[in-house]
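Below is one structure, written out as structure tokens; the observations come after it.
Next up, the structure:
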């Protein structure tokens, strides 16, 4: 089976590099499945999981948005933050989720930035789901 080189990179450096058979992720325009030889494209990503399939194995990486660049032999994902499923601190993600929910509940009393709290909640939920590999 043919493979395609995948790099997931953040401002702090590379998070994932490997050759895989298929990349699946959510772009702003919808779900994307990328195989070797895919036409070149650039797409903005949603907060979500990147699924990287190779043989019988699937690796999961949580990304908080960013961009996907596809070339026929390489996929590069540039994300503000990204974590492989096995390296997610689940307790920290649960605390972040609880803080964001609390801020959203208090937002009627305070002049809090609703959108920021909402995005924080989405990122925390995504990290928890990716760590559990539930989608």
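Numbering (my numbering), first residue to last: -18 to 116. Backbone N, C-alpha and C fix where the C-beta goes; we use that ideal spot for every residue, glycine too.
Item: Below 8 Å on the Cβ atoms is my guess for residue 63 versus residue 43; work out the distance and round it to an integer in Å.; Value: 7 Å
Item: If you follow the beta strand (DSSP E) that residue 26 is in, where does it begin and where does it stop?; Value: 22 to 35
Item: Since residue 87 is in the alpha helix (DSSP H), which residue starts that stretch and which ends it?; Value: 71 to 87
Item: When the Cβ atoms of the segment 52 to 60 are set against those of the segment 76 to 88, are three or more pairs found closer than 8 Å?; Value: no
Item: Where residue 94 and residue 106 are concerned, what is the direct C-alpha to C-alpha distance, given to the nearest angstrom?; Value: 19 Å
Item: Quick one: what's got a C-beta closer than 8 Å to residue 55's C-beta in the same chain, skipping five residues either side?; Value: -15, -14, -13 and -12
Item: Using CA atoms only, rank isn't needed, just tell me which of 99, 83, 69 and 98 is closest to residue 113.; Value: 69
Item: In the DSSP assignment, what residue or residues form a beta bridge with residue 15?; Value: 4
Item: Output yes or no for whether 9 Å exceeds the beta carbon distance between residue -9 and residue 32.; Value: no
Item: Under the assumption that residue 111 contacts residue 41 (Cβ atoms under 8 Å), give the Cβ distance between them as a whole number of angstroms.; Value: 5 Å
Item: Let me check understanding here. Comparing Cα to Cα, which of 9, -18 and 102 lies closest to residue 3?; Value: -18
Item: On the DSSP bridge assignment, give the partners of residue -6 in chain order.; Value: -9
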